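Contents: one structure, followed by commentary.
Chains as they are written, first to last, in UniProt numbering: chain A, 1 to 716; chain B, 1 to 716.
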């Protein structure tokens, strides 16, 4: 048992030299000492891991998915309630269920189109004749699309309204896109059509409004999702995995997360709610998503100058900026585009389904595994590929528990979150309600949302210290269709290693992993093409994403393996040195980018290099091995390492962000987010107060990193 | 072993029915099982507590005090450094010292008068003749006052300046006092003389400035501190404990705490500092404290109408409001009061002295015991009565450790804080620097500042859950001069019980206790009369506060007993039901005061009553008794209960306050501080947004209380 680490302040010397080597623990089974002593010194049982891996069944996952995707199950609908009941039934099963399962409800603010008055997009000429009407529904290729509960494509949280104006093409709706348009066009009173990608959904409208734009359309360009394919006679679904011309990506058009009316508070019946007028981060103007079939009809008729080459998509026409409006040669000449949006907010009851397996030795330490349950339509990939995997994990683990073969050292909590599609609402409300308990006891959070959307290799992201356990698990699981190649072997074929600088800050502030397979080995699609459309169905998944469900099986084996290791390891399988490596990379980048600019304002970043600290936290092997409270102490250090970076004063303007290393940032380079944003703002404005904020960010970063070092060093 | 508790939301049912009964733990010494099992199940050793009590020596404390008070030791002066060296010598003593002791330094912003140009207060007639000059120094009665290092009385952080204006008497400088004056007087350009009490030091000037007041004097009225006594020929020190006519209470005139230039950041060399112009909570106008001898000369000459009867003090004249200015019959008629203030800010190096005794079983759990070291002058009572007690506690405990007789289960950290008098700076910077470590591991913080200032009975305040251990300790210690009466017996003679509704939120966010004796059984003094004057000396303490130092000895015995119980108890001696009782009392008060007013605005406080939760967290005695990790789990619940009430979003405008139960509040009634303040503001303004804030406060209170309940209930 050896753990030695060197952790400097913000210095280049910020290196944790050696990882944690899991040792074997001293006390042997079968002696005459009390039974609990054997329990408290028990480490991961590799035989049980192997049993778990062998029992995970691809056909079970397939049948889970079939059941979960029978009907659309958008948050708080009857279809959603059907999945609630199914989860409860499975988790309460006497042979394969969990110790306990129940539902928890929140009253949350959602946004829906009006089923009686669908949203409309039309082209209207000066005498108010409608020349063109965009589809209200996606084209039906099978019974799934015919289901009356398929929600019309819409932009959740975009306001109702009836703007009419000349059309312009605004590329991805980024600030720079509108800035470019504004150089030659008066955007006042225009409708902007934008393509998905490059900018957040809500942001496309938020960026537009200051220029006087009164409505926004958004579509998915075939270049960005279909590798250019556009024809549904032989190219797109049901002939392939590509999005049909009428397919529309739905989505939540907001930038915050959690219930929008109850920031930082769990949305209970009597909870204080802000007024709807105070909601921020949603489109200030009506917005509607449409299919590329309709976008084609509009964009290829646009007049004005040609858009820059990077703005051009896959349509066989030149993308013009708009006159504003259509070409004089078009049948739409002089016409305007009209949006008739009838979205409305509703406060609805959303459920999380929770389940637990109680820990034997440390029940007050939680390993949490979750995924959302709600979809936009049938959601076979998003989220039900993850839910069907979760149900298979719980079936196998549940049986081992019911048979008395296994009980985890730590408690395992499963969460099937509601209303995620509207902005991570279920998990955020859960976290708000149980904040103190969770922040004291959670060891890790594993999130498996979309579990398979392609078939290339595993994708995982999370806190750097979790890297090693994921690598370990991936070495024990075979890649689909191979008896010898491991997931790990296949992985390193695609990546040299996981990115050292990609962290994740989820609603739970904890470790998040998202194992995923790419289905097509060669695609430039930014995600699978049926994403958030009415084509994300069991039929789609079983034919094009994972026929035979062996990739799903592989994700279940890997994620479950990680889960068991987190739950059972005597010493938590977290590697501080991986964390340090990430910090070091961030620091190197910050030094490279900011040293000179800060020096001009008498702010020294180099000074932080001088602080060094030699940390060693358990070199005495026999002590560690035989003393459960010492082991617990070390585990607490490991568990709480990531929490040491939380600082509620760090980002007063950014809702929900408190982690000074993994926060949202506009920075293009992988480095400390608060420092990067503050530096860029100061460099742009030149204001003293902005340079002061950059200095403050540097100081709180230094304090957080040293604070983390203090939690790792010898406890007293 | 039984702990059952019922905890409702904000309901009347918020009752934790039964306290924690400390049980005896199963495994006996002397068996053949590993030694560490005996260690981890070891509870408090009552024999060692008795040894501690018997070894605490009054003469040792007297000699500690003599040494500590030889010279003035204001923060960062040579005298302060002398005490740093003394603490280090004592804590590093090979026979009676701690395991380790060291100093930690911070660069902090302090405020001093200019020794070369003393502050002056004069009465100046229209032709600029000085008619009266207030004393620059306190009168010398012995060698202590003659020490050249006695700092001139001043108001730390009050700005330099030379205001001259007509004098008015503003009572205690409360908002209502200026409001009253303003009804009949134009305060523009006036100097206000105020008496200590009723309002914070800085606030007297902050409240004054909006009325155009340009300078503030503050003095201690003999009514408030001297039971009316005024003459130094036979009534005041050196004839008694009363304040001599020239005595002046110094103090820090600020409302925040911690280094004013580095909010939320430890004040290191390269830490970001706000500009001095951005400091808030300090006097905006020059301010100076004076003795009542000078105040008498000014107030009794004031013209204008008589002040209200509650404003009258002990002087043998009518306190008039001022014309503004003096009576026409006075020799000061037409004259103005001139302040010449030369205070200046300085960034100085302040030291904490730290020491530790390493815990044997749970070294990563900290019991912290501290007191500040810096005084205004000699500080025999404040703070050296506490420091001399702390040194005696460490001497006795240190010897037991060095002799191998004792090692605490948990680690004990001792802190001798610097620059407390300027606003809790040393402890605040320490907390900021080690925030994550301390918030994860601290079990309790015991603060013993002024340990004896009178001789009536013990005074202790702290988190309600700490009540029981203080009561327990007080029953084992005899009151001074008695062989049979315990501190506890004497205590209940004075109070039925400690206030259930008095909590404390200190710089460490943790439990604070402050055992104190009243010296005079019959006095209306708000504190001991030499407080912050040049008369707070060894001579004063040994003659008038505690001749023989037996009260000091009693505090040392009690505080050390509490410390040992916190450090050694197998189960932490915290009683949840005492916490619930406090919450219940707060709730009852809130229901009484606010139910109707909130209902008018459709905010229901009664709804919270319906939530109830049955909580039981360790009914299985044998399990608890034999399983160290179960015990640790319960202790974590107890330790973290108080932390569950921390919410960084609760009081965005109040620096440093995050605890929703024990926060600063303007409310006169003992109830939830955030709700009370929000309610009062809303009731006054009637604004919708203020009622919304009241509702928000209610919701976050409910969430915090339920969050605490969640941490107490069965862990999974």
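Virtual Cβ for every residue (Gly too), placed ideally from N, Cα, C. Quantities reported herein were computed from a predicted structural model and do not represent experimental measurements.
Contact under 8 Å by Cβ, residue i with residue j
i             : j             : result
residue 451/A : residue 64/A  : no
residue 442/B : residue 368/B : yes
residue 697/B : residue 709/B : no
residue 258/A : residue 156/A : no
residue 286/A : residue 160/A : yes
residue 530/B : residue 132/B : no
residue 383/B : residue 449/B : yes
residue 582/A : residue 464/A : yes
residue 692/B : residue 272/A : yes
residue 303/A : residue 135/A : no
residue 325/B : residue 319/B : no
residue 740/A : residue 673/A : Because chain A in this structure spans residues 1 to 716, residue 740/A falls outside the shown range and cannot be described.
Cβ of residue i within 8 Å of any chain A Cβ
i             : result
residue 509/B : The pLDDT assigned to residue 509/B is 22, lower than 50, so where the model puts this residue is not dependable, and the model offers no usable value.
residue 102/B : no
residue 663/B : no
residue 681/B : no
residue 265/B : yes
residue 718/B : Not covered by the structure: residue 718/B. The range shown for chain B is 1 to 716.
residue 411/B : yes
residue 692/B : yes
Residue i: contacting residues in chain B (beta-carbon distance under 8 Å)
i             : result
residue 464/A : Correct list: empty, because the minimum Cβ distance to chain B is about 17 Å.
residue 364/A : 633, 636, 637, 715 and 716
residue 358/A : 716
residue 430/A : Within 8 Å Cβ-Cβ: nothing; residue 430/A doesn't reach chain B, min ~11 Å.
Inter-residue Cα distance where the pair is residue i and residue j
i             : j             : result
residue 638/B : residue 575/B : 8 Å
residue 311/A : residue 459/A : 29 Å
residue 425/B : residue 433/B : 12 Å
residue 330/B : residue 301/B : 6 Å
residue 229/A : residue 445/A : 38 Å
residue 120/B : residue 260/B : 26 Å
residue 556/A : residue 392/A : 7 Å
residue 641/B : residue 711/B : 7 Å
residue 57/B  : residue 93/B  : 18 Å
residue 5/B   : residue 413/A : Because residue 5/B sits at a pLDDT of 30, beneath the cut-off of 50, its placement in the model cannot be relied upon, and the following sentence gives the value as read from the coordinates. Looking at the two C-alpha atoms, the distance is approximately 24 Å.
residue 338/B : residue 306/B : 23 Å
Min CB distance residue i to chain B below 8 Å
i             : result
residue 684/A : no
residue 708/A : yes
residue 640/A : yes
residue 698/A : yes
Chain-ordered chain B contacts of residue i [CB-CB under 9 Å]
i             : result
residue 142/A : Under the 9 Å cutoff, chain B gives no residues; its nearest Cβ is about 44 Å from residue 142/A.
residue 703/A : 264, 265, 266, 268, 271, 432, 433 and 435
Listed by chain order, chain A residues near residue i by CB distance under 7 Å
i             : result
residue 629/B : 40, 361, 362, 628 and 632
residue 695/B : 272
Under 8 Å by beta carbon: chain A residues contacting residue i
i             : result
residue 711/B : 436, 437 and 440
residue 604/B : 270
Cross-chain neighbours of residue i in chain A, by beta carbon under 9 Å
i             : result
residue 644/B : 435, 436, 437 and 440
task: Evaluate the contact criterion for the segment 230-238 of chain A versus the segment 122-134 of chain A: three or more CB pairs, one atom per stretch, below 8 Å.
output: No, the segment 230-238 of chain A is not in contact with the segment 122-134 of chain A.
Any chance the segment 139-147 of chain B sits against the segment 270-280 of chain B, with 3 or more Cβ pairs inside 8 Å?
Taking a cut-off of 8 Å on C-beta distances, the segment 139-147 of chain B does not touch the segment 270-280 of chain B, as fewer than three cross pairs fall below it.
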